Ligand code: Z5A
């Protein structure tokens, strides 16, 4: 079967801390898909939180700071799932049904890592919310870009001012990273990429991991 037929209807997700290089990695995946002769009009890109008109408005709420009222951790978690339901139902599932490959900049693991690890919300509760909102819908393949939080935030800072979440203390990101590392070790359809390497090496390892995954389909 040609590679592009095997890729049709698949959902690839890139996860990692801020500054890990997820946006940059999407460019590498784009290049790799071109090598597989994947037609451009059969590739859908998404980002979370966001990706639909309503979900983007909810993203603004998550990022903003209101004086005198903090966004409660559970409210933050629920907004993440509200945006995800909008995105999955309005964009991701229709695209997959239409034979697209969908490349997601973050998905469910981000909630387990940030709201579970970082904020300390019980992972069982997050799993229940996930089941209620998305059922068994999951990524087909996850590329986790692993980076030391100090380095990631340093890179993110170089890009501009940090947002509400990015300004949290470093131990928040250490806990978040630990959950990502645990998740990647528990899933056969996920790989860890050393995102602290040079862009050339990161690109090379993403290509090689995608080649391996494609061969396994
Ligand atoms: N969040 C959550 O809490 N729960 C959830 O369920 C979800 C999300 C879905 C979304 O932020 C925030 O929402 C995020 C988690 C939370 N918050 N925080 N903090 P976002 O979408 O605004 O940002 P991000 O997802 O964290 O991505 P980012 O900061 O834009 O980083 P990135 O996409 O991973 O990195 P990049 O833009 O590709 O690269 C950053 C810079 O590093 C850039 O200048 C690159 O040129 C440079 N770079 C990239 N790769 C390299 C290498 N290999 N070497 C050197 N320099 C590099």
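Residue numbers (my numbering): 596 to 812.
Just so it is clear, CB atoms sit at the ideal spot from N, CA and C, and this is done for glycine as well.
Since the structure is predicted, the reported quantities are computational estimates derived from the model, not experimental observations.
Endpoints, alpha helix (DSSP H) assigned at residue 787
That residue, residue 787, is in no alpha helix (DSSP H); its beta strand (DSSP E) goes 785–789.
Is any heavy atom of ligand 1 found at a distance shorter than 8 Å from the C-beta of residue 640?
no
Assuming residue 732 is part of the beta strand (DSSP E), what are its boundary residues?
Per DSSP, residue 732 belongs to no beta strand (DSSP E) and is neither H nor E.
Alpha carbon to alpha carbon, how far is residue 786 from residue 650?
28 Å
List the endpoints of the continuous alpha helix (DSSP H) containing residue 639.
No alpha helix (DSSP H) contains residue 639, which is instead part of the beta strand (DSSP E) from 638–642.
Between the region 761–768 and the region 720–732, are three or more C-beta pairs nearer than 8 Å?
no
Heavy atom of ligand 1 within 8 Å of residue 660 beta-carbon
no
Sorted by chain position, which residues of the same chain lie with C-beta nearer than 7 Å to residue 732's C-beta, five sequence neighbours on each side aside?
683
Cutoff 6 Å; reference residue 670; Cβ partners in own chain excluding five residues on either side
none
Return yes when the C-beta of residue 626 is under 8 Å from any heavy atom of ligand 1, and no when it is not.
no
CB-CB under 7 Å to residue 691, same chain, minus the five flanking residues each way: which ones, in chain order?
604, 606 and 697
Using the Cβ count rule (16 or more neighbours within 10 Å means buried), how would you classify residue 764?
exposed
Taking Cβ positions, are residue 797 and residue 620 nearer each other than 9 Å?
yes
Counting Cβ pairs, one atom from each stretch, are 3 or more of them under 8 Å apart for the region 697–707 and the region 651–669?
no
Does the separation of the CB atoms of residue 737 and residue 624 fall below 9 Å?
no
Could you tell me which uninterrupted alpha helix (DSSP H) segments, each at least 4 residues in length, are contained entirely in the region 650–716, listed from first to last along the chain?
668–682 and 688–692
Hey, is residue 664's beta-carbon within less than 9 Å of any beta-carbon in chain B?
No chain B appears in this structure, which consists of one protein chain only.
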